[in-house]
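Numbering (UniProt numbering), first residue to last: 1 to 83. Glycine included, each C-beta is placed from N, C-alpha and C at the ideal position. A quick write-up on the structure given underneath.
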Amino acid sequence: MDVGILASIFNFILLLVQIYYWGMIIYFFTSWVPTIRESKFGSFLSKIYEPFLEPFRKIIPPIGMIDISSIVALFVLVLFQYG
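Written out as structure tokens, the structure reads:
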């Protein structure tokens with residue numbers, strides 16, 4: 001397989017990860033506005049991001065009102081993207 005094709009595939013995967021990252025940030029902000037979280041848009045985001053966040057939430061419990069597992073999940077995405 002040509003190196004250029006592999007580089008294009010790799011860049012496309014990194015683009016998808018970056019889109020997923022920014023979508024996750026939007027999903028986190030929707031938690032501050034309950035009407036958005038309960039809308040069809042919020043339900044759509046929940047179906048996309050909750051399966052990724054669930055394993056982190058099982059390992060890292062929330063501390064009071066702060067969900068540290070979400071920060072760890074974002075960190076893992078950044079590590080995948082740059083690392």
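State the beta-bridge partners of residue i as determined by DSSP.
i, result
"I63", "I66"
Does residue i pass the burial test, meaning 16 or more other C-beta atoms within 10 Å, or should it be called exposed?
i, result
"T30", "buried"
"L45", "buried"
"S8", "exposed"
"L14", "exposed"
"L53", "buried"
"S70", "buried"
Residues in its own chain within less than 7 angstroms of residue i by CB, not counting five upstream and five downstream?
i, result
"Q18", "Q81"
"V72", "F56, I60"
"V33", "none"
"I36", "T30, G42"
For residue i, which residues from the same chain have a beta carbon less than 8 angstroms from its beta carbon, with the 5 sequence-adjacent residues on both sides left out?
i, result
"L77", "V17, Y20, Y21, M24"
"L74", "Y21, M24, I25"
Is there contact between the region 42-56 and the region 19-34, where contact requires at least three CB pairs shorter than 8 angstroms? yes
Mind pulling the alpha helix (DSSP H) runs of 4 or more residues that sit fully within the region 21-48? 34-37
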